[in-house]
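Residue numbers (the numbering used here): 327 to 460. For every residue, glycine included, the Cβ atom is placed at its ideal position computed from N, Cα and C.
Next comes the structure, spelled out in structure tokens:
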């Protein structure tokens, strides 16, 4: 791995660490505020991460190579931070828990809310970043 590869590796690792800590703080905060009846924290970080990834990918289309190249931005924020922030494995486990504890209705609400909101904000983030970089 050359110097450029090492830089991307370190940026990804740092972003992932920061995203994971942010996820922990958000989910703990939502649980403290809203209780454990619905996984609001996971929904929030998945929506936030989807929006940020939309912004990052939209901005990358018009970025020029330089000190802050798209590859570095994508490694740190896209793969690293958003990867550490969002969580499909937790989403899956929480869905199983919702199904067994609260039934099919709560399960359907959680799945639909996560999928619909994440797609919507990813598209919104992408569109916003295209306007900012145009």
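Exposed unless 16 or more other CB atoms sit within 10 angstroms - verdict on residue i
i           : result
residue 458 : exposed
residue 335 : exposed
residue 347 : exposed
residue 420 : buried
residue 405 : buried
residue 385 : buried
residue 448 : buried
First through last residue of the alpha helix (DSSP H) which encompasses residue i
i           : result
residue 354 : 329-360
Per-residue DSSP class, three states only, for residue i
i           : result
residue 364 : coil
Every unbroken beta strand (DSSP E) within the stretch 384-452, with a cutoff of 3 residues, ordered by chain: Note on the stretch 384-452: there is no whole beta strand (DSSP E) run with a minimum of 3 residues.
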